[in-house]
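So the structure is just underneath, and the comments pick up after that.
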Amino acid sequence: MGWMVTLDLRPRATVNSTISGSQTLVPAAAQFDAWTSHDWHDGVLVNLLTPYDRLIVRTRNSTYEIIVTEPHAAQVLVRGGAFFPEFTPAHLAGSSLGGSFLKLHGIYAGFQLELAARDQPVVTTTRVRSISVVPARTGEIM
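Residues in the sequence shown are numbered from 101 upward in steps of one, following this note's numbering.
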């Protein structure tokens, strides 16, 4: 049997904008100190999985089926959402909050998944709500 990670909303922090002097509300994890000290247990690193492990990733707007093909290189087949109507080879870049920080090859609840497929710009999903992992050795069919 697989396992599931569910969304854990993070507190927000107020930061001062150096451009306008105004205060802006940003996710606490978007600040570098919070990012580097984050407890990255609410997700999965694709490079630690085995070939043909399957993931079901639910975001706010879509459900993605992901089959790991080359874990060490974060190569996957992905289906779901508007950009992947059928299984498409892609590189799972990682998770972000839509900014410049990227947790390489990881999928984390509360973060946006970034996927790069040939002939397409990088696809950034809406925030991940849940992740289900079905190990290849269980033989379950989805």
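The C-beta atom is built at its ideal place from N, Cα and C for all residues, glycine as well. These numbers come from a predicted model, not from an experiment.
Residue i versus residue j: straight-line alpha-carbon distance, rounded
| i | j | result |
| --- | --- | --- |
| Leu197 | Asn147 | 20 Å |
| Val222 | Ala190 | 10 Å |
| Ala209 | Val157 | 9 Å |
| Ser162 | Ser195 | 16 Å |
| Ala216 | Pro235 | 23 Å |
| Tyr152 | Ala174 | 12 Å |
| Ser200 | Arg237 | 36 Å |
| Arg154 | Val178 | 10 Å |
| Ala193 | Arg218 | 13 Å |
Residue interval of the beta strand (DSSP E) (run including residue i)
| i | result |
| --- | --- |
| Val234 | 223–234 |
| Leu177 | 175–180 |
| Ser195 | 184–196 |
| Gly143 | 143–145 |
| Ala216 | 212–217 |
| Leu155 | 154–159 |
| Thr169 | 163–170 |
Whole-Å CB distance - residue i paired with residue j, under 8 Å assumed
| i | j | result |
| --- | --- | --- |
| Thr225 | Thr169 | At roughly 19 Å, the Cβ-Cβ gap does not stay under 8 Å, so Thr225 and Thr169 are not in contact. |
| Thr188 | Pro171 | About 18 Å separates the two Cβ atoms, so there is no contact after all. |
| Val228 | Phe211 | 6 Å |
| Gly143 | Glu165 | Not really, about 17 Å apart at Cβ, beyond 8 Å. |
Assigned secondary structure, residue i (DSSP; H/G/I helix, E/B strand, else coil)
| i | result |
| --- | --- |
| Leu204 | strand |
| Leu148 | helix |
For the segment 201–211 and the segment 176–185, state whether three or more C-beta atom pairs, one from each stretch, are separated by less than 8 Å. Because the criterion of three Cβ pairs below 8 Å is not met, the segment 201–211 and the segment 176–185 do not touch.
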